[in-house]
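Protein chains in written order, with my numbering: chain A, 1 to 201; chain B, 202 to 402; chain C, 403 to 603; chain D, 604 to 804. Backbone N, C-alpha and C fix where the C-beta goes; we use that ideal spot for every residue, glycine too. Fair warning: this is a prediction, and the values are worked out from it, not measured in the lab.
4 protein chains.
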Amino acid sequence: MATRSLNSNRPADKYSSILNAAIKVFARNGFFNSKVADVAREAGVADGTVYLYFKNKDDILTSIFDEKMDLVINRLSEDFSKIDDPRDKLRHLIRSHLTWLGRDRNLAIVFQVELRQSTKFMEQFSTTKVAEYFGLIRQAIEDGQRRGIFRKSFNSKLATKILFGAIDEMVTNWILSPKRYDLASTAETVIDLFFNGVVEK
Amino acid sequence: MATRSLNSNRPADKYSSILNAAIKVFARNGFFNSKVADVAREAGVADGTVYLYFKNKDDILTSIFDEKMDLVINRLSEDFSKIDDPRDKLRHLIRSHLTWLGRDRNLAIVFQVELRQSTKFMEQFSTTKVAEYFGLIRQAIEDGQRRGIFRKSFNSKLATKILFGAIDEMVTNWILSPKRYDLASTAETVIDLFFNGVVEK
Amino acid sequence: MATRSLNSNRPADKYSSILNAAIKVFARNGFFNSKVADVAREAGVADGTVYLYFKNKDDILTSIFDEKMDLVINRLSEDFSKIDDPRDKLRHLIRSHLTWLGRDRNLAIVFQVELRQSTKFMEQFSTTKVAEYFGLIRQAIEDGQRRGIFRKSFNSKLATKILFGAIDEMVTNWILSPKRYDLASTAETVIDLFFNGVVEK
Amino acid sequence: MATRSLNSNRPADKYSSILNAAIKVFARNGFFNSKVADVAREAGVADGTVYLYFKNKDDILTSIFDEKMDLVINRLSEDFSKIDDPRDKLRHLIRSHLTWLGRDRNLAIVFQVELRQSTKFMEQFSTTKVAEYFGLIRQAIEDGQRRGIFRKSFNSKLATKILFGAIDEMVTNWILSPKRYDLASTAETVIDLFFNGVVEK
DNA sequence: AATGAATGAGGGTTCATTCAT
DNA sequence: TATGAATGAACCCTCATTCAT
């Protein structure tokens with residue numbers, strides 16, 4: 001631990017340096033307009049060094065996604081194991097998602113915009129990590145349906161997408177808005193509407 | 202009229218030819234991987250001709266957005282003027298949106314993936330046309346709140362984004378899915394959940 | 403004559419319109435940076451019309467040279483036939499040259515800069531018209547030598563080039579200088595030095 | 604030293620390789636008709652390598668001028684410091700100029716033709732280096748006037764241009780002439796006429 | 001003769017990637 | 001491991017020229 005912080009250039013750190021530099025650079029200029037050399041400069045390494053840690057430019061982008069999603073999914077899975085009520089699970093997921101990205105605008109930009117460069121990327125993400133994330137949502141929903149907490153009359157897969165789409169749009173709007181409001185504070189409305197709908201009973 | 206359709210290459214059509222060719226090409230290869238020459242070939246015109254109708258490659262992409270959004274917004278505005286019940290308005294909008302893009306997979310790909318290349322594009326779209334589209338949704342929601350049909354306890358702007366995000370995610374999932382299901386058929390679940398929420402009463 | 407001025411769009415005039423437009427445009431932007439379309443617009447004709455009067459873009463440039471040089475050479479030849487003293491001939495040529503270009507800065511720019519684009523042009527000019535112009539100078543010099551007015555100890559061809567170079571440099575310096583002095587007023591020094599040299603006797 | 608000449612491709616030489624290749628290529632095809640790829644091939648480097656040493660194609664051309672003019676001016680300044688008589692200074696300058704370019708036809712072509720592509724280039728040159736060169740001539744002339752060696756009755760600035768123009772025209776005529784005579788041998792006539800003029804005394 | 005829409009060849013420049021050191 | 005000079009493929013856009021009207 002002590003030694004970790006003493007040598008910030010230790011190989012193990014270069015990977016992270018480059019990854020974090022990439023998030024900053026991609027958020028600033030966009031993935032296609034960012035040069036590998038820009039990322040290298042921001043990370044304080046030589047151009048060639050990037051290729052010791054990443055296969056190519058695309059790999060940097062997908063690695064950002066993979067690394068960050070792993071963190072999120074692992075944390076969320078663990079949290080979920082401690083929460084019983086499916087409503088609480090969804091509340092927690094919505095709040096976590098919006099809090100997480102609301103704290104790191106650069107990362108949010110990369111997730112909402114840069115990662116959606118092409119169907120190639122998108123398809124790649126949709127399988128694997130995103131499927132896992134969707135799985136967490138869906139399990140909570142289906143659990144709720146089984147327990148009679150949620151209605152059984154809707155398709156749980158579609159409900160999963162609807163909730164994800166709602167959350168996702170919160171983030172997208174936030175990064176595109178010139179206003180600097182608190183993203184996390186939008187969570188309660190998402191929760192309320194997903195649970196209760198808009199119609200007056 | 203008859204003669205119009207007989208000659209698809211008359212000057213007035215070049216603009217449309219190129220635009221439609223671009224939708225096909227961008228959907229197939231992605232915007233950044235598509236060459237202007239590809240679009241020209243698909244449209245059956247010379248490379249240089251593209252520049253008689255479009256300022257540059259970016260302009261082709263934004264023109265696709267502008268042209269198509271104008272159509273949608275105009276049609277929807279007109280339809281809305283004939284619908285009284287805010288619930289019916291939203292039902293109509295949701296069904297129309299999903300039917301429209303469900304009928305043109307290439308256009309859907311361009312709208313869901315290619316148009317979100319960069320914050321530059323996104324910001325540009327968010328103002329103008331997207332704002333108009335959001336406006337249509339929001340007016341229906343606020344009208345419903347005023348009339349007591351929808352609950353007054355939620356923020357209408359956030360509800361607008363939530364609904365849009367839900368619809369948008371339907372489309373994105375549809376184009377990314379290897380399965381070829383009917384996009385429009387997902388509309389009813391979106392309507393049901395947005396209106397009633399997931400919670401059992 | 404009267405009819406000439408009544409119809410400025412008469413075919414015969416288009417040639418001149420385009421030529422004069424080209425002088426203006428080439429002087430402003432340089433030959434390579436000028437588009438045929440620029441010349442056409444300046445001349446008030448369609449792009450294609452230029453090609454009814456000129457073989458191609460190069461031909462416009464060489465035509466400027468040919469037309470203007472013909473005028474100059476013819477006038478000068480005629481003037482020379484009325485002047486006996488070789489010194490007076492050279493005085494007249496020097497003054498005429500500098501007065502002529504001093505009155506038309508655009509033409510001067512085309513002659514001093516744009517016409518020297520390439521050895522291809524230069525070689526083409528050196529034969530033909532320039533040779534004629536050099537011939538006028540040289541004849542006066544050799545006549546002066548024959549008559550014992552000028553020294554016989556120098557090579558008349560070289561003296562011709564030296565005089566031409568001196569005059570030419572006056573013009574070049576004038577168009578490049580930000581100062582707007584009278585080019586013709588430099589003639590007297592050229593005359594004095596070419597005749598008498600710099601050395602104090 | 605021995606190793607220097609054995610390895611003409613070592614990094615430090617790439618700049619010179621490209622510059623010399625450019626002189627050859629520009630002289631052969633003209634600046635506008637030469638491709639950067641031609642220069643690269645002639646220099647034995649990749650296209651992109653050119654841009655590691657030069658900002659763009661124009662920069663190659665201006666660098667040729669700057670590099671060569673620096674050499675000339677420095678050498679001439681040093682020589683001048685060892686020569687007292689202004690007449691000898693001018694004799695030396697005229698002979699050097701004509702000997703220098705007479706030995707390198709390609710360089711002469713670039714200097715007399717290609718560097719005069721546009722007023723943009725010309726103006727750029729006229730300030731800076733050319734001004735220095737003119738300064739050397741002018742100082743010798745004014746020194747001669749001060750000492751009573753040269754007449755005081757002419758404007759030294761104009762005399763400077765006249766001499767430069769005369770020398771310059773020698774070179775231009777030489778490169779355009781199909782005859783392959785010795786350029787340096789024309790120096791004596793330039794000297795004689797500039798000093799003594801053409802008129803018999 | 002005049003038009004101007006259409007053509008399509010052409011090239012300067014960028015930048016992801018490699019590899020000798 | 002790290003470097004960064006070198007590579008060379010790739011492409012948008014311009015514009016001289018043509019030709020159907």
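- With fewer than 16 other Cβ atoms from the protein chains shown falling within 10 Å of its own Cβ, residue 381 of chain B counts as exposed.
- The beta carbon of residue 385 of chain B sits no closer than 7 Å to any beta carbon of chain A.
- Between the beta-carbon of residue 722 of chain D and that of residue 511 of chain C there is about 6 Å, and that keeps the pair under the 8 Å contact cut.
- Contact of residue 129 of chain A with chain B by beta-carbon distance below 7 Å is absent, the smallest such distance being about 14 Å.
- Among the residues of the region 627 to 659 of chain D, those with a Cβ less than 7 Å away from any Cβ of chain C are 633 and 635, in the order of the chain.
- When only Cα atoms are considered, residue 238 of chain B and residue 333 of chain B end up about 34 Å apart.
- Residue 89 of chain A counts as buried, since no fewer than 16 other beta carbons sit within 10 angstroms of its beta carbon.
- Scanning B:287, B:387 and B:256 for the CA closest to the CA of residue 344 of chain B turns up B:287.
- Going by DSSP, residue 501 of chain C is part of the alpha helix (DSSP H) stretching over 488 to 505.
- Separation of residue 753 of chain D and residue 798 of chain D (C-alpha to C-alpha, rounded to the nearest whole angstrom) is 8 Å.
- Annotated three-state conformation of residue 232 of chain B is coil, per DSSP.
- Considering only beta carbons, the part of the region 548 to 562 of chain C lying closer than 7 Å to chain D consists of 550, 551, 552, 553, 556, 557, 560 and 561, in chain order.
- In the DSSP assignment, residue 670 of chain D falls within the alpha helix (DSSP H) that extends over 660 to 684.
- Contact annotation: residue 794 of chain D and residue 686 of chain D have beta-carbon atoms that are not nearer than 7 Å.
- Residue 601 of chain C carries a strand assignment under DSSP once its states are collapsed to helix, strand and coil.
- Under the Cβ criterion of 7 Å, residue 771 of chain D is counted among the residues facing chain C.
- Neighbours of residue 201 of chain A in chain B, taken as residues whose beta carbon is under 8 Å from its own, are 402 in chain order.
- Inter-residue distance for residue 777 of chain D and residue 563 of chain C is about 11 Å (C-alpha atoms, whole angstroms).
- A contact is defined here as three or more CB-CB pairs under 8 Å, and the region 657 to 669 of chain D fails this definition with respect to the region 765 to 772 of chain D.
- Neighbourhood of residue 597 of chain C in chain D, by CB distance below 8 Å: 800, 801 and 802, in chain order.
- Interface with chain D (7 Å Cβ-Cβ cutoff): residue 591 of chain C is included.
- In the DSSP assignment, residue 351 of chain B forms a beta bridge with A:199.
- Within 10 angstroms of the beta-carbon of residue 432 of chain C lie 16 or more other beta-carbons, which makes it buried.
- Going by DSSP, residue 759 of chain D is part of the alpha helix (DSSP H) stretching over 759 to 779.
- The beta-carbon of residue 735 of chain D is placed no less than 7 Å from the nearest beta-carbon of chain C.
- Separation of residue 655 of chain D and residue 757 of chain D (C-alpha to C-alpha, rounded to the nearest whole angstrom) is 49 Å.
- Within chain B, no C-beta atom comes nearer than 9 Å to that of residue 142 of chain A; the closest sits roughly 11 Å away.
- The three-state reading of DSSP puts residue 446 of chain C in coil, since its state is none of H, G, I, E or B.
- For residue 321 of chain B, the neighbours in chain A by C-beta distance under 8 Å run, in chain order, 30.
- Non-local C-beta neighbours of residue 46 of chain A in its own chain, meaning closer than 8 Å and more than five positions away in sequence, comprise 40, ordered along the chain.
- Bounds of the alpha helix (DSSP H) holding residue 522 of chain C are 521 to 528.
- Chain-order list of chain D residues neighbouring residue 575 of chain C: 764, by C-beta distance under 7 Å.
- With a cutoff of 7 Å on beta-carbon distance, residue 621 of chain D and residue 709 of chain D are scored as not near each other.
- In this structure, residue 779 of chain D places its C-beta atom within 7 Å of the C-beta atom of residue 524 of chain C.
- Leaving aside the five residues that flank residue 423 of chain C on each side, the residues in its chain whose CB is nearer than 6 Å to its CB run, in chain order, 441, 444 and 445.
- Non-local beta-carbon contacts of residue 76 of chain A in its own chain, meaning distances under 7 Å to residues more than five positions away in sequence, involve 93, 96 and 136 in chain order.
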